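Numbered continuously in our numbering, the sequence shown closes out at residue 305.
Here a beta-carbon is modelled for each residue, glycine too, at the ideal position from N, C-alpha and C.
Values in this document were obtained by computation on a predicted structure and should not be read as measured data.
I have placed the structure first, in the form of structure tokens, so that the comments after it can refer back to it.
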Amino acid sequence: EIICANFWPADGVERLIRLRERLRTRLQQNAEVVGADELFFEDESGDRPLYDLYNERSGILDDDVDSEVDLVSYAYQIWKNATDANPDLKGVIERLPDVVYAAKTHPPANEPPDPGKPPGVLVFVGMPGGPNAGTNALAWIDEQGRSVTESQFAILRAAECSLETPAVARAQNHHDLVRTATDRIANETRLVGGQLGRPTGARSRTYERISRYLERLQGTLFAGSAQSQALTAALEQLYRAPLRESARARLNRQLRSSITDDQLAELVAGLYNEGELCLVQDEVTEQEPKIICSLGLVA
Numbered sequence: 007e008i009i010c011a012n013f014w015p016a017d018g019v020e021r022l023i024r025l026r027e028r029l030r031t032r033l034q035q036n037a038e039v040v041g042a043d044e045l046f047f048e049d050e051s052g053d054r055p056l057y058d059l060y061n062e063r064s065g066i067l068d069d070d071v072d073s074e075v076d077l078v079s080y081a082y083q084i085w086k087n088a089t090d091a092n093p094d095l096k097g098v099i100e101r102l103p104d105v106v107y108a109a110k111t112h113p114p115a116n117e118p119p120d121p122g123k124p125p126g127v128l129v130f131v132g133m134p135g136g137p138n139a140g141t142n143a144l145a146w147i148d149e150q151g152r153s154v155t156e157s158q159f160a161i162l163r164a165a166e167c168s169l170e171t172p173a174v175a176r177a178q179n180h181h182d183l184v185r186t187a188t189d190r191i192a193n194e195t196r197l198v199g200g201q202l203g204r205p206t207g208a209r210s211r212t213y214e215r216i217s218r219y220l221e222r223l224q225g226t227l228f229a230g231s232a233q234s235q236a237l238t239a240a241l242e243q244l245y246r247a248p249l250r251e252s253a254r255a256r257l258n259r260q261l262r263s264s265i266t267d268d269q270l271a272e273l274v275a276g277l278y279n280e281g282e283l284c285l286v287q288d289e290v291t292e293q294e295p296k297i298i299c300s301l302g303l304v305a
């Protein structure tokens, strides 16, 4: 039996006791003193997330959409659908050189303009060296060189075209925007190396739980076991290298299913021993990011 009590005040009571106002003030003071890993309320001027909690809206505590999607599998399915429908595309696309570019009208003629999805440039970049080697990244830059979104899934969807989508002339500042996007990706990946990402992500949550699990093992008979040694090495790898997409998807599923610490430890140790946990690069020399392609979004 689960008993849930909600103490969030209605508007009339709020005017008297100012609970929401005091809660926001306390959170702001806490962030100013010790820092904050994440925003509690994305829109500080509104109470929408709080009302959603009060009304017990389904999914309010779930992760973002991106964490539900294995982008590698999603991109592969796009490739497979396209080449199955038109086998000639496979040879054409594979022969395209790096730094190839094109442009299309944005938004499409059948869609109204959306201020949240402005024209600009989409860039696909590969990281050939350094701690982020083997990873790829997408960027969306608007016409003023500002980042539109960090959501890789949203950028991938913005690039969607059909065989009938006509090509248009690139914008005059296309290559300048590509350079801005590439520099942004390079700087961000250097900053992200050695960090765990957002606290609600699979990498950060797994790292924290395995850390606590190993602390509990200290002084027990299992402290020097093979699994303990594998977990210690896996913890170091988690901190230094990004998760493989397959490992991320698997960990996300298990974390949502309330996996126990023992089960999580067994899963992480198994992934580490099989070399399926993180993308590890033996070569640590830094290299410039490689522009694979770019797509202009022309108003």
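Determine, using beta-carbon pairs with one atom in the segment 92-103 and one in the segment 150-162, whether at least three such pairs fall under 8 Å. no
As assigned by DSSP and simplified to three states, the class of Thr-212: helix
If you draw a straight line from the C-alpha of Arg-254 to the C-alpha of Thr-212, how long is it? 10 Å
Taking the C-alpha atoms as reference points, what is the distance between Ser-51 and Trp-146? Per-residue confidence for Ser-51 stands at a pLDDT of 44, beneath the threshold of 50, marking its modelled position as unreliable; no derived number is given.
At the level of alpha carbons, what is the spacing between Ala-81 and Ser-168? 15 Å
Contact between the segment 235-245 and the segment 266-277 is defined here as three or more beta-carbon pairs at a separation below 8 Å; is this criterion met? yes
Arg-333 versus Arg-152 - alpha carbon distance: Not covered by the structure: residue 333. The range shown for the chain is 7 to 305.
Express the C-alpha separation of Glu-214 and Met-133 in angstroms, rounding to a whole number. 27 Å
Is Val-286 near Ala-247, with beta carbons less than 8 Å apart? yes
C-alpha distance - Asp-148 paired with Leu-303, whole-angstrom precision: 9 Å
Range covered by the alpha helix (DSSP H) that runs through Ser-252: 251-262
Ser-79 in three-state terms, based on DSSP: helix
The alpha helix (DSSP H) that contains Phe-159, what's its start and end? 158-164
Which residue or residues does DSSP assign as beta-bridge partners of Ile-99? In the DSSP output, where bridge partners are listed per residue, Ile-99 has none listed.
Helix or strand or just coil, what does DSSP make of Leu-144? strand
Can you tell me whether DSSP reads Lys-296 as helix, strand or coil? strand
Rounded to whole angstroms, what's the CA-CA distance from Val-19 to Arg-185? Just pull it up for me. 54 Å
Let me check understanding here. Comparing Cα to Cα, which of Ile-84, Trp-85, Val-127 lies closest to Ala-109? Val-127
For the alpha helix (DSSP H) that contains Ala-305, what are its first and last residues? Looking at the DSSP string, Ala-305 is not in any alpha helix (DSSP H), and its letter there is neither H nor E.
Alpha carbon to alpha carbon, what distance is there between Glu-221 and Ser-264? 20 Å
Count the other CB atoms, across all protein chains shown, that sit within 10 Å of the CB of Ala-208; report buried if there are 16 or more and exposed otherwise. buried
From Glu-7, Glu-27, Gly-281, pick the residue whose C-alpha is nearest to that of Trp-14; which is it? Glu-27
Classify Pro-137 as buried or exposed, calling it buried when 16 or more other Cβ atoms lie within 10 Å of its own Cβ. With a pLDDT of only 47 at Pro-137, under the threshold of 50, the placement of this residue in the model should not be trusted; the figure read from the coordinates follows. With 16 or more other Cβ atoms within 10 Å, it is buried.
Taking the C-alpha atoms as reference points, what is the distance between Leu-77 and Asn-142? 11 Å
Could you spell out where the beta strand (DSSP E) holding Thr-111 opens and where it closes? 106-111
For Asn-250, tell me which candidate among Glu-282, Leu-223, Arg-262 has the shortest Cα-Cα distance. First, the residue type needs correcting, since residue 250 is Arg and not Asn in the sequence shown. Minimum Cα distance to Arg-250 is reached at Glu-282.
Those residues which DSSP pairs with Leu-277 across a bridge: Leu-277 pairs with nothing; no bridge assigned.
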